[in-house]
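Position 47 of the sequence shown, counted from 1, bears residue number 65 in our numbering, the numbering being contiguous throughout.
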Amino acid sequence: AVVDCISALEAKLAVQPNDQLARVYLGSAWTLRSRDLAIGPGKLSALHKGLTLMDVAAAGAPNNAEVLLLRAVTNEALPVFLGQRKVARAQLDELLARLEKGSAKLKPADQQLLYLNAGEAAKRAGDKQRARELWLRGAALKADVKLTQEITAALTQP
C-alpha cells in the first residue's frame, strides 16, 4: 500500500509540482517505506528522501498549518536516535502558538491531532503537567472519535 501511495503522490506532483500538501504526504510515505525496508543503504536513502521532501514542503508552505502538522507528527513518530523529535516538538509548539492566536487554520480533527501529539511530546520531555493541559484541550474538541479515545487513554496513564 505504501508503494502505491508513493506512486500516486509522485504522479500528482508531476502534474502539480507546487502542491506542498502532496509533497509532505509523499515525504511521510517515504519514511514509512524506509520502515519496511531491510537495514542497508536503501533504508537510509528512503528515510533521507522522506525527510528532505517534508522539509522542502514546509519551506514551500510556511503558513500552511496542515503541511507543518503532518511534518511534525511524522518527525515525532520517528525513532529517537534519528534526532527528529526536537524539530518536531518545536514545530508542534509553534503550531500551538499559531492556533491559540488564531493564525493557524486547522480543521477541528487536525486541532485534536495537534493537541494529542503536542501532549505526547511534552510528556516525553518530562513536562507531564503541560501534556495533561494539552490533552484536556484536545479532548474537549471531540472532533474525531478515535482521537478522543487516544487522548482519553493518554489522560488515564500515569
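C-beta: ideal position from N, C-alpha, C; glycine also.
For Q102, the closest C-alpha among the options V85, A127, T70, A115 is that of T70. One Cα belongs to V42, the other to P176, and the distance between them is close to 34 Å. Here Y133 is not near R107, since their CB atoms are 8 Å or more apart. Excluding the 5 residues flanking it on each side, C23 has same chain C-beta neighbours closer than 7 Å at A47, in chain order. Under the 10 Å beta carbon count, I57 is surrounded by fewer than 16 other beta carbons and is classified as exposed. The criterion of a C-beta distance shorter than 8 Å is satisfied by Q38 and A75.
By the Cβ-count criterion, T174 is exposed, with fewer than 16 other Cβ atoms from all chains shown falling within 10 Å of its own Cβ.
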